[in-house]
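In terms of the working numbering, the sequence shown opens at residue 3 and continues consecutively. Right, one structure below, let's go through it.
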Amino acid sequence: METKTINSFPKNFLWGSATAAFQCEGAAYEDGKGLSVMDVREQNPKICNYEVASDHYHHFKEDVALMKECGLKAYRFSIAWTRIFPQGNGNVNQLGVDFYNRLIDELVAANITPIVTIYHFEYPQGLIEQYGGWLSRKSIDDYVNYASFLFKTYGDRVKYWITINEQDHVVHMPFRLGLKGDDLYENEKAGFLANHHMCIAAAKTFKACHELVEGGKIGPAVCFDMMYPTSNRPADMMAWLDAMEIRNYYVLDLNVKGEYGGVFKRYLEDRGWMPKLQEGDLACLKENKPDFIGFNYYASKSISAYPLSDKNKIGDMVIKLLPAEEAGIYKVVKNENLNATLWGWEIDDIGLEGVCRLLWERYRLPLMITENGFGNKEVMPEEGMIQDDDRIDYLHRHLLAVKRAMNVGVEFIGYCNWSFMDIVSGHSGFSKRYGLVYVNRDEFDLKDLSRSKKKSFYWYQETIACNGENI
Ligand code: BGP
């Protein structure tokens, strides 16, 4: 809807930026840190020197000084579970605890609100070896104990917490669950069992946060791509509805409403993937709610019907980053109306506006955009700065979409661009950069790891300074 007036961003809007530990810290084997599934995966195949990443572990003071200069109101980062508990449970590693104390103190001194992700892909390898990780119910207590330790240790200064980053991705990425086999069907089954355990763990952690952190607020950070039916064919419309339920809403339905939605449940049951619930599971989910919905938004997808035929049967699927098609349900097809990044992620700010409205209407909880950004190949010029006008345009458009959603009543806590500085990309090493700050290194040549502000740094600085009046 086009409207006559556009509201301003609220005065307390958290203008933020985000990273994750394994992607920026480096020091992968330093100061007693244990091995995580990401350490194991980054080695095989090794596409860049990830052990050093952006070396934030040793540059954090300089990085926080840059955040302060940019004017950030909030910084979302994750704690590496295995820096705190090298085996995932058991002995605490004091050196790891100290590092995050120093980082948090530095942020607080710079007037930057810390937003802490408890678990961002880095599941402890120790727990995989002890009992199979998220596939065992034992994982629930270990996660809650770890989170409770963080609440007690940092909760005096950290009031915003994120339980699990992109649980909906972890479910479909066997290596993140420590699975080795390549039987798609079995992996998906294991993924949805892990999903159930993660939801119970999250519910118990919402409760622990409310008990242990005075004024603490906690929520998940799911990945939520906008989806559209490709055409007005009714079959495409139904495929879109199904895809929204089984790919986008299911984690939030469990986190917020405490229920397996009808379509999702039938989908799991038909495939023999419905986890066995224990008595009290649904009550636990229903009783414990998050305070906000965090979500990562990068792109949208177009959905087409994909009928069963002689050639394909239920259970046939193609998985890229997420299941891209599944026989009898849907297919993702190219959207000819949108431009895409070099990696084919379709750029769609209107899609973000749509997601905000859908989430607000369904759950009525304030939103926090925990990630949103533009990945690109960038080379530092001999002189001057990186002129990342494409990134500025991307961020500008997406913030305008937030403003439009606000205008029709959606409530927001804040917005974090991804990422503050260049960091190791989830799948593309250092050749895909998202930062407002350039980090001088290549895949394997670590150069001097110096930091240089890009044009987008100055643009974000100006945007924050005028509380988004330039949007
Ligand atoms: C999200 C993850 C981040 C980050 C981002 C960009 O899914 O939460 O950790 O990696 O995507 O992804 P990529 O680096 O693959 O472009």
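Ideal placement from N, C-alpha and C gives every residue a C-beta, glycine not left out.
Asked                                                                                                                            : Found
Member of D143, M370, K333 whose CA lies at the smallest distance from the CA of Y162                                            : M370
Cut-off 6 angstroms between Cβ atoms - residues of its own chain near S427, not counting five sequence neighbours on either side : K434
From E338, V39, A329, residue whose alpha carbon lies closest to that of M175                                                    : V39
Helix, strand or coil at K322 [DSSP, three-state]                                                                                : coil
Beta-carbon proximity check, I321 vs L186, cutoff 8 angstroms                                                                    : yes
Spatial distance of V99 from F432 (CA atoms)                                                                                     : 28 angstroms
Rounded straight-line distance, which links the Cα of F62 to that of W17                                                         : 19 angstroms
Rounded straight-line distance, which links the Cα of I142 to that of M200                                                       : 7 angstroms
8 angstroms CB neighbourhood of E261 in its chain, flanking five on each side removed                                            : D255, L284, L287, K288
G428 beta carbon near the ligand BGP (any heavy atom closer than 7 angstroms)                                                    : yes
Every unbroken alpha helix (DSSP H) inside the stretch 190-268 [4 residues or more]                                              : 236-245
Straight-line gap, L68 to I114 (C-alpha atoms, nearest Å)                                                                        : 11 angstroms
For E108, three-class secondary structure by DSSP                                                                                : helix
DSSP bridge partner residues for E373 (one or two, in chain order)                                                               : N298
Cβ-Cβ distance between V224 and F297 below 8 angstroms                                                                           : yes
Contact test: K498 Cβ vs the ligand BGP heavy atom, cutoff 7 angstroms                                                           : As displayed, the chain neither begins before 3 nor continues past 473, which places residue 498 out of reach and without an answer.
For W420, the residue or residues it bridges with in DSSP                                                                        : A20
Coil, strand or helix - K303 by DSSP                                                                                             : strand
8 angstroms contact criterion, which I316 and L324 should meet: CB distance rounded                                              : No, I316 and L324 are not in contact; Cβ-Cβ is about 18 angstroms, not under 8 angstroms.
Beta-ladder partner(s) of E348, from DSSP                                                                                        : A342
Status (buried if at least 16 other CB within 10 Å, exposed otherwise) for Y396                                                  : buried
The ligand BGP heavy atom lying under 7 angstroms from the CB of Q169                                                            : no
The ligand BGP heavy atom lying under 7 angstroms from the CB of A22                                                             : yes
Given 8 angstroms, three or more beta-carbon pairs between the stretch 332-351 and the stretch 267-285                           : no
Any non-hydrogen atom of the ligand BGP within 7 angstroms of C418 CB                                                            : no
Pairwise C-alpha distance: K6 and Q25                                                                                            : 43 angstroms
C-alpha distance - E338 paired with G221, whole-angstrom precision                                                               : 35 angstroms
Proximity test, C225 beta-carbon vs the ligand BGP heavy atom, cut-off 7 angstroms                                               : yes
Same chain, Cβ closer than 8 angstroms to K35, five either side skipped, listed in chain order                                   : A29, A82, T84, R85, P88, N95, G98
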